[in-house]
Structure formats: C-alpha cells, structure tokens
Amino acid sequence: MGTEMVNVDEIPFPPQISIATKPLSLLGHGITDIEIHFLQIKFTAIGVYLEPEIVSHLQQWKGKPGNELAENDDFFEALIAAPVEKFLRVVVIKEIKGSQYGVQLESVVRDRLADADKYEEEEEEALEKIVEFFQSKYMKKNSIITFYFPSTSPTAEIGFATEGKEESKIKVENANVVEMIKKWYLGGTRGVSATTISSLANTISAELAK
438 MGTEMVNVDE IPFPPQISIA TKPLSLLGHG ITDIEIHFLQ IKFTAIGVYL EPEIVSHLQQ
498 WKGKPGNELA ENDDFFEALI AAPVEKFLRV VVIKEIKGSQ YGVQLESVVR DRLADADKYE
558 EEEEEALEKI VEFFQSKYMK KNSIITFYFP STSPTAEIGF ATEGKEESKI KVENANVVEM
618 IKKWYLGGTR GVSATTISSL ANTISAELAK
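Position 141 of the sequence shown, counted from 1, bears residue number 578 in my numbering, the numbering being contiguous throughout.
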C-alpha cells in the first residue's frame, strides 16, 4: 500500500488507519449524492477501511471481475460477515444538521430491520440513542463521522468530530442495529453509495487476483 493520501472528491483520506489493534487499509471509497434537475449534489465522501486479511475470507470470489462483484450481494454479505475490523470514515461535503443525518440513518435502519422482521423494542431504543447523539450536532463541511466495527463483538462505535470541538462518541450494542448500519454503507446493490460499492469490489477483485 502506498503512503500518499487518497483524494475522494478533493477530500484527503489516509491510505492506512490504526484504530485498535491492527492497521486497516483503505479498500474502498466513494461519495453519497443525489441528482436534482441534472445537477449533482454531493453530501459525503466515504472511506472504507478493512483489515487486509479480509481477502482470505473471500477466496471463493477469486477470479471474478470487480464489475461482477459489485452486483453480487452474496459477496457483500460475506464481506460484512468476515471476522475482521472494519472502519468507515464519512466526511461531510455539504453541510447538514446532525438531526437530519440521524433521522436518515434511523429510517434506513428501521426499514431494513422491519423487512427482516427484527425490529423490536430493543432495536427502537438503540436507534433512539443514535438519533439523540446526532440531534445537537451541526455537520459543517469537513466534519467527520466514523463507524468502528470490532472484529470480536457485534457492536459499533460511532464518532463525530468537527473543527474546534472534542470528538464525541457513542457505543451501539444492539447487534441487529449494528448489522443494518453495516449494510447501509456496505450492502452491495442496496448500499447508500454505488461508487463506494464499486470501488470496494474492484479493489478486492484486484487483491484476490494477486
């Protein structure tokens, strides 16, 4: 892996990051955006950091081209399930109220849980805490939202950092909610950012070919 910063829509992402025990590599990146009247509005830049060993858990897809993997939800299910550390770094491009981001996350996760028949009181409570965490935040440009998923437990740590303020964090301990947050960002064809999914698929396809 190189040591140079990787620019995602002019936002620099380090090629490696150390969170807990091991250095994680930037294996995918992209943006979230929408198009309104042919105008592209970009919201966030995303970097996906994974333990390089993830490749050993995805051997059955060796030899498949990236564009094929990007369309294969089983591949992303296996990527999400692989017992390695995962870290998402989401950098704000277009400023937004934290409450808007929190509500968006809540509704996506809730819908997915309901689809899977996993939305109970515990899940609702866990989501309410996340909404509350983001409620008071103001996400100006270059603010950073992070999601850390340890390899050993079905939990997540969500962090928020913005210029001039201490980073704040919240721990999510509901396994079902954690799983759906992963699927929101890493869930193949249903993921929030097609560019990130495509980038991950291409990088891992190339790593598998080595």
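Think of the CB as a built atom: it goes at the ideal place given N, C-alpha and C, for glycine as much as any other residue. It should be emphasised that the depicted structure is a prediction, and the values quoted were computed from it without experimental measurement.
Taking the beta carbon of residue i as the centre, do at least 16 other beta carbons fall within 10 Å, making it buried, or is it exposed?
{"i": "residue 476", "result": "exposed"}
{"i": "residue 466", "result": "buried"}
{"i": "residue 522", "result": "buried"}
{"i": "residue 549", "result": "buried"}
{"i": "residue 620", "result": "buried"}
{"i": "residue 601", "result": "exposed"}
{"i": "residue 488", "result": "buried"}
Can you check DSSP and say which residues form a bridge with residue i?
{"i": "residue 460", "result": "455"}
{"i": "residue 526", "result": "484 and 583"}
{"i": "residue 472", "result": "477"}
Identify the continuous beta strand (DSSP E) that holds residue i and give its terminal residues.
{"i": "residue 478", "result": "476-487"}
{"i": "residue 596", "result": "593-598"}
{"i": "residue 491", "result": "Segment: none, residue 491 is in no beta strand (DSSP E) and carries neither H nor E."}
{"i": "residue 605", "result": "605-609"}
{"i": "residue 449", "result": "448-450"}
Start and end of the alpha helix (DSSP H) containing residue i?
{"i": "residue 613", "result": "612-623"}
{"i": "residue 644", "result": "631-645"}
Round the Cβ separation of residue i and residue j to the nearest angstrom and send it over; I've been treating them as touching at under 8 Å.
{"i": "residue 567", "j": "residue 607", "result": "7 Å"}
Worksheet item: What are the uninterrupted segments assigned as alpha helix (DSSP H) that are 4 or more residues long and contained completely in the region 506-585, given in chain order?
Response: Taking only runs of at least 4 residues, the alpha helix (DSSP H) segments lying wholly in the region 506-585 are 510-518, 535-552 and 558-572.
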